[in-house]
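Numbering (our numbering), first residue to last: 20 to 85. Every residue, glycine too, gets a C-beta built ideally from N, C-alpha and C.
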Amino acid sequence: MSPKIGPVRLDGPVILAPMSGVTDMPFRRLVKRCGVGLVVSEMIASRAMVYAAKKTMKMASHCADE
Numbered sequence: 020m021s022p023k024i025g026p027v028r029l030d031g032p033v034i035l036a037p038m039s040g041v042t043d044m045p046f047r048r049l050v051k052r053c054g055v056g057l058v059v060s061e062m063i064a065s066r067a068m069v070y071a072a073k074k075t076m077k078m079a080s081h082c083a084d085e
């Protein structure tokens with residue numbers, strides 16, 4: 020049975036933790052294909068998001084199949 024978060028049912032029983040320097044977009048796409056129910060981006064500093072630093076915005080990017 021797949022877990023639910025509120026009204027959203029996840030595709031699988033595993034949730035990927037946000038790991039800085041590890042959970043980039045290619046890694047998230049890979050583990051999603053392996054059956055992980057929920058993937059998240061790596062940890063990003065909020066101040067860097069406010070200033071829209073180029074490296075930070077790249078870390079925050081995502082694609083439709085995640």
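Just so you know, the alpha carbons of M62 and R47 end up roughly 13 Å apart. Taking C-beta atoms as the reference points, S60 and A79 count as a pair closer than 9 Å.
Looking at the DSSP output, V27 shares a beta bridge with I24.
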